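Asks: Quick one: structure below, then a few questions.
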Amino acid sequence: MYDRPPAPAQPHRRLQSLGTRLRLSTLTLVALLGVTVLLGVIQIGLPSLKLKIIGDGVQEVSVPAVPALAELQAERQHALAYLAAPGADAAALRQQETRTSQGLEKMQKASEALSGAPPEITDRLTAFTKLLDRLPEQRGLIESRSASPAEVFSYYNEVLDAATRLFDAQARFVPDVEITQSAIAAVGLFRVSDNMSRAGSLAVGALANQTFAAGEYQRFQHLVGAYHNELDTTAQYLEPGVRDRYTDVVEGSAYQRLSGIEDALIARGPDPHRSGDREITVSFPVSAREWTDLTSTVSRQLVDLTVMQATTIAGAAADTGSEVFWTTALLLGALAAAAVAAAIVGVRLARRVSRRLGSLAQGVHRVATDDVPELVRVLQEDDDVDVRDDVVLLDEGPDEIGGVAARFRDAVVADLEARRREILLRKGTTRVLKELAHRIQLPVARLLSTVLAAQEKEQNPAVLRLLYGIDHEVVRARRIADHMIVLAGDQPRRQRRNPVPLFHIVQGAATETSPPEGPDPAGQLQRFSLQNIPEVSVKPLLAHQVAHVLSELMDNAVRYSPPGSQIRVLGELTAHGVAIEIADAGMGLSRQALESVNELMRNPPEFDVMVREDAIGHLGFFVVAHLSRALGMIVAFQTSAFQGLSAVVTLPSELLASFPQEEVMVHGEDRAAPAESTWFGTATETTAEHDLALVASSAGPGRAEVPNPIGSAHDVGPRHARPPMTADPVVSAPNGAPPPLPRRRRGASLQSSASPGMVHAAASLPPDEIDVANTRSQLSQLQRGTERGRQAAAAEPGPPQSPAWPREDEESRQR
Numbered sequence: 001m002y003d004r005p006p007a008p009a010q011p012h013r014r015l016q017s018l019g020t021r022l023r024l025s026t027l028t029l030v031a032l033l034g035v036t037v038l039l040g041v042i043q044i045g046l047p048s049l050k051l052k053i054i055g056d057g058v059q060e061v062s063v064p065a066v067p068a069l070a071e072l073q074a075e076r077q078h079a080l081a082y083l084a085a086p087g088a089d090a091a092a093l094r095q096q097e098t099r100t101s102q103g104l105e106k107m108q109k110a111s112e113a114l115s116g117a118p119p120e121i122t123d124r125l126t127a128f129t130k131l132l133d134r135l136p137e138q139r140g141l142i143e144s145r146s147a148s149p150a151e152v153f154s155y156y157n158e159v160l161d162a163a164t165r166l167f168d169a170q171a172r173f174v175p176d177v178e179i180t181q182s183a184i185a186a187v188g189l190f191r192v193s194d195n196m197s198r199a200g201s202l203a204v205g206a207l208a209n210q211t212f213a214a215g216e217y218q219r220f221q222h223l224v225g226a227y228h229n230e231l232d233t234t235a236q237y238l239e240p241g242v243r244d245r246y247t248d249v250v251e252g253s254a255y256q257r258l259s260g261i262e263d264a265l266i267a268r269g270p271d272p273h274r275s276g277d278r279e280i281t282v283s284f285p286v287s288a289r290e291w292t293d294l295t296s297t298v299s300r301q302l303v304d305l306t307v308m309q310a311t312t313i314a315g316a317a318a319d320t321g322s323e324v325f326w327t328t329a330l331l332l333g334a335l336a337a338a339a340v341a342a343a344i345v346g347v348r349l350a351r352r353v354s355r356r357l358g359s360l361a362q363g364v365h366r367v368a369t370d371d372v373p374e375l376v377r378v379l380q381e382d383d384d385v386d387v388r389d390d391v392v393l394l395d396e397g398p399d400e401i402g403g404v405a406a407r408f409r410d411a412v413v414a415d416l417e418a419r420r421r422e423i424l425l426r427k428g429t430t431r432v433l434k435e436l437a438h439r440i441q442l443p444v445a446r447l448l449s450t451v452l453a454a455q456e457k458e459q460n461p462a463v464l465r466l467l468y469g470i471d472h473e474v475v476r477a478r479r480i481a482d483h484m485i486v487l488a489g490d491q492p493r494r495q496r497r498n499p500v501p502l503f504h505i506v507q508g509a510a511t512e513t514s515p516p517e518g519p520d521p522a523g524q525l526q527r528f529s530l531q532n533i534p535e536v537s538v539k540p541l542l543a544h545q546v547a548h549v550l551s552e553l554m555d556n557a558v559r560y561s562p563p564g565s566q567i568r569v570l571g572e573l574t575a576h577g578v579a580i581e582i583a584d585a586g587m588g589l590s591r592q593a594l595e596s597v598n599e600l601m602r603n604p605p606e607f608d609v610m611v612r613e614d615a616i617g618h619l620g621f622f623v624v625a626h627l628s629r630a631l632g633m634i635v636a637f638q639t640s641a642f643q644g645l646s647a648v649v650t651l652p653s654e655l656l657a658s659f660p661q662e663e664v665m666v667h668g669e670d671r672a673a674p675a676e677s678t679w680f681g682t683a684t685e686t687t688a689e690h691d692l693a694l695v696a697s698s699a700g701p702g703r704a705e706v707p708n709p710i711g712s713a714h715d716v717g718p719r720h721a722r723p724p725m726t727a728d729p730v731v732s733a734p735n736g737a738p739p740p741l742p743r744r745r746r747g748a749s750l751q752s753s754a755s756p757g758m759v760h761a762a763a764s765l766p767p768d769e770i771d772v773a774n775t776r777s778q779l780s781q782l783q784r785g786t787e788r789g790r791q792a793a794a795a796e797p798g799p800p801q802s803p804a805w806p807r808e809d810e811e812s813r814q815r
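In UniProt numbering, the protein residues as written are 1 to 815.
Below you can see the structure in the form of structure tokens.
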């Protein structure tokens, strides 16, 4: 029936046997493994790496910094002692400054290892470094005694507080809880040593002056109590080895001696003999030299505890971090390897699924755009064909994709079956309507014959006018029935044997028009102005169809133009046939509407567009489009010179006869046709003679010779009038009444009947008889075109002609 496309290539059977669900599950597993690796890096790898970095940083920076800060504490104590004794030598202070500078220099070099630390640590390191940058300036003020003891004490305290905050940040940033607690204990030991050093520095100034300045005693008392309490609290969080060392320190003689002196100083309190003075006299049970040595010894012991705790914690943190990091790295490496392997498998599966889905999508598109229209065409040609075997199964896999392909095939088959039923329904409906339209033709023809017989016998003007109106409407009804037959793909059984002059076709089309309000038909004909209609003939089998197209366009011009306005019908020979323009002075169409109507003429739609409510209003355009397409005619609309609508109909040469047309009966000798036909001209004469002359006249004056557009050897030469038949003499009735009106005879000219004597006699008729004659004269103009066709058809015997109208087949649809 038609070439079937090759079956799509199938993937490997083993992988194809895997269900799509399993393939998607594999892809999901790959994604889960990837997410697991990522979460493992975030939750385990990063904290362990952070723990290792902090442990290394504490070992490289914080542990070396504690001794340097201890030297800074000692420098604070020497500076306060130097300022408290005006005559003291600065040599000891300079030596301590040298030791402090060496320790701080090592610490600052080691602090470069913290450059990659988190912001919480680097920010505090920056603040600490900025304070240390002021140390040289502060030393100069001390040596020149330009700074007060309170200012010096405050500066050194600020520097050491910044260091304590840095250590605390490092301790609290450790992700391990136990290590964090031990690290905080190390910071607590450093804070204990600093508070002890601060209390000793205050006491050094008091020993030099043998008095505590106002407020220093309370500060000394607070610092001593604070560092003892914090030392007792911190001891329980120390590492086992550090705790043993702590016990040795607190139970040692230096610490005990220092604690006893501190208790004695606090217990003595203010001098009772000078309680009202601003200074308090205190008896010191120790010399300044002994106090300095004692505080230095205890400070070194506390610093050693701090270093031991920090070193132990830093090592544990680094070891734990390294162990966790490498364990995590191995685990994550294994997961990453599994993820890579799963990803490879998943990518292969994804490619296969994607390839099959892409092939399925292309196949669906091919079936929808190529196969289904072809199968529908096959069904239209033969509605009994089985199309199930012609629908390709796009994928034969046993999985879900194959199931989708099978269901799609079933859907296509169901759609084709539905289209088959629709085609059968359309053919059946068309056949019924066509047969009904054919059956209407017989009673219509009988009705026309009956009306014609009644017209010939009737003498009453009112009744005669009514009969002519009935005749006109029946002719229009027959035209509508012809439309139904033609649109159903058949040919009206009324045919001609000889070519029909185009002028007669235009006349007949004009007589079938009528506006909605139904004015006087005879007056309606006066609106048409036929100009320069070429003397060519249309093939006999196509004459009715051409007339139907022209009548529809003329009827449209009548309906949508002002009453009484002129409708111009112009003809012109072209290189490929004849062009006829029908122009009115009506409302016209907008530019968009013109484009829409012309598109309708170029590409007539199917009947399904007529289901829209707005499409029924354009039924005439729809009929014209289908009639003209079947005949090969071209219809185009444009704005007329009167701002109305102009329809240009082009009849191709194939529709025109290639031999001379029927002669047109004229009066007397040959003469050229005028520029405008007087058959539809405005009647200015109302006399009875003029009316009778119209009745006696022929279809129109002779017309100028026009070359045949077909260009055959049978070009039309000069034509002569058909000799009129011999008329009977006019005889009056026995009772003196006027003679009866002339009767029409097939093929005979009425010129002989309308003799001058008859015309003059008619002028003296009674008024009632003149009304009858006038009515016959006016309405004969309406009937002449259609009557000539009926009489000619009845007088032409012969076998029925084969329909020239193309039937409803594929060729006519594709035209």
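Backbone N, C-alpha and C define an ideal beta-carbon position, used for all residues, glycine too.
These numbers come from a predicted model, not from an experiment.
Name the DSSP bridge partner or partners of Pro-652?
Replies: Per DSSP, Gly-577.
Asks: Met-601: which of Val-624, Ala-585, Asp-608, Leu-589 sits nearest, CA to CA?
Replies: Of the candidates Val-624, Ala-585, Asp-608, Leu-589, the one whose C-alpha sits nearest the C-alpha of Met-601 is Val-624.
Asks: Kindly confirm or deny that the stretch 304 to 318 and the stretch 65 to 76 touch, where touching means at least three C-beta pairs closer than 8 Å.
Replies: Verdict: yes, contact present.
Asks: 8 Å is my cut-off, CB to CB: does Glu-71 come that close to chain D?
Replies: This model lacks chain D altogether, as it is built from one protein chain only.
Asks: Leaving aside the five residues before and after Leu-379 along the sequence, list all residues of the same chain whose C-beta is less than 8 Å from its C-beta, in chain order.
Replies: Contacts found: Val-385, Val-387, Leu-416, Arg-419, Arg-420, Ile-423.
Asks: Once you ignore the five residues that flank Leu-189 on each side, which residues in its own chain have a CB closer than 7 Å to its CB?
Replies: Here the set comprises Thr-234, Leu-302, Leu-305, Thr-306, Gln-309.
Asks: Please list the segments of the alpha helix (DSSP H) lying wholly inside the stretch 466 to 514, counting only runs of 4 or more residues, in order along the chain.
Replies: Correct list: 502 to 511.
Asks: Can you name the start and end residues of the beta strand (DSSP E) that Val-635 belongs to?
Replies: Note, Val-635: beta strand (DSSP E), 634 to 639.
Asks: Return helix, strand or coil for Arg-409, following the three-state DSSP convention.
Replies: Helix, per DSSP.
Asks: Report yes if the CB atom of Leu-160 is closer than 8 Å to the CB atom of Leu-125, and no otherwise.
Replies: No, the Cβ-Cβ distance between Leu-160 and Leu-125 is not below 8 Å.
Asks: Quick one, are the C-beta atoms of residue 817 and Pro-499 less than 8 Å apart?
Replies: No statement about residue 817 is possible, as the shown extent of the chain runs from 1 to 815 and does not include it.
Asks: In or out: Met-587 buried (at least 16 other Cβ within 10 Å) or exposed?
Replies: Exposed, since its Cβ has fewer than 16 Cβ neighbours within 10 Å.
Asks: Do you know offhand how far Ala-688's Cα is from Leu-448's?
Replies: Reliability fails at Ala-688, whose pLDDT of 34 lies under 50, so the model's placement of it is uncertain and the value that follows must be treated cautiously. Going from the Cα of Ala-688 to the Cα of Leu-448 covers about 28 Å.
Asks: Here's a check: name, in chain order, each residue in its chain whose Cβ is nearer than 7 Å to the Cβ of Ala-543, leaving out the five neighbours to either side.
Replies: Contacts found: Arg-496, Val-500, Ile-505.
Asks: From what residue to what residue does the alpha helix (DSSP H) around Leu-69 run?
Replies: Residues 63 to 84.
Asks: Where do the N-terminal and C-terminal ends of the alpha helix (DSSP H) with Ser-101 fall, by residue?
Replies: Here the alpha helix (DSSP H) through Ser-101 covers 91 to 110.
Asks: Output the distance between the C-alpha atoms of Arg-479 and Leu-627, rounded to the nearest integer angstrom.
Replies: Arg-479 and Leu-627: Cα-Cα distance of roughly 13 Å.
Asks: Determine the contact status of Arg-356 and Asp-410, defining contact as a CB-CB distance below 8 Å.
Replies: Taking 8 Å as the Cβ cut-off, Arg-356 and Asp-410 do not qualify as a contacting pair.
Asks: Give me, in chain order, the residues of the same chain whose beta-carbon lies closer than 8 Å to that of Asp-555; leave out the 5 immediate sequence neighbours on both sides.
Replies: So the list reads Glu-512, Thr-513, Ser-514, Gly-620, once near-sequence residues are dropped.
Asks: From the DSSP secondary-structure annotation, give me the bridge partner or partners of Gly-571.
Replies: Bridge partners of Gly-571: Ile-580.
Asks: Does the Cβ of Val-347 have 16 or more other Cβ atoms within 10 Å, making it buried, or fewer, making it exposed?
Replies: It counts as exposed.
Asks: Rounded to whole angstroms, what's the CA-CA distance from Trp-679 to Met-610? Just pull it up for me.
Replies: Residue confidence is low: Trp-679 scores 36 on pLDDT, short of 50, so the model does not pin down where it sits. No coordinate-derived value is stated.
Asks: Quick one: grab the DSSP three-state call for Phe-642.
Replies: Reduced to three states, the DSSP call for Phe-642 is coil.
Asks: Please report the distance separating the alpha-carbon of Arg-629 from that of Pro-562.
Replies: Whole-angstrom Cα-Cα distance: 30 Å.
Asks: Starting from Leu-166, trace the beta strand (DSSP E) in both directions and tell me its first and last residue.
Replies: No beta strand (DSSP E) contains Leu-166, which is instead part of the alpha helix (DSSP H) from 149 to 172.
Asks: When you compare only the Cα positions, how much space is there between Leu-39 and Leu-231?
Replies: Leu-39 and Leu-231: Cα-Cα distance of roughly 41 Å.
Asks: Please classify Asn-229: is it buried, with 16 or more other beta-carbons within 10 angstroms of its beta-carbon, or exposed?
Replies: Classification for Asn-229: exposed.
Asks: Comparing alpha-carbon positions, which option in Ala-150, Tyr-82, Leu-135 lies nearest Arg-289?
Replies: With distances taken between Cα atoms, Arg-289 lies closest to Tyr-82.
Asks: Decide if Ala-150 is buried, meaning its Cβ has at least 16 other Cβ atoms within 10 Å, or exposed.
Replies: Ala-150 is exposed by the Cβ-count criterion.
Asks: Can you give me the C-alpha to C-alpha distance between Ala-264 and Ala-91, rounded to a whole angstrom?
Replies: For Ala-264 and Ala-91, the distance between alpha carbons rounds to 31 Å.
Asks: May I ask you to report which of helix, strand or coil DSSP gives Leu-238?
Replies: Note: Leu-238 maps to coil in three-state DSSP.
Asks: Based on Cα-Cα distance, which residue from Gln-526, Pro-86, Arg-300, Arg-172 lies nearest to Ser-144?
Replies: Nearest option by C-alpha distance: Pro-86.
Asks: Taking the beta strand (DSSP E) that Gln-531 falls in, what are its first and last residues?
Replies: From DSSP, the beta strand (DSSP E) with Gln-531 extends over 528 to 531.
Asks: Can you list the alpha helix (DSSP H) stretches of 4 or more residues lying completely in the stretch 203 to 265, in chain order?
Replies: With a minimum length of 4 residues, the continuous alpha helix (DSSP H) runs that stay inside the stretch 203 to 265 are 216 to 234, 240 to 250.
Asks: Do you know whose CA, among Gly-200, Ala-329, Ala-318, lies nearest Gly-225's CA?
Replies: Ranking Gly-200, Ala-329, Ala-318 by Cα distance to Gly-225 puts Gly-200 first.
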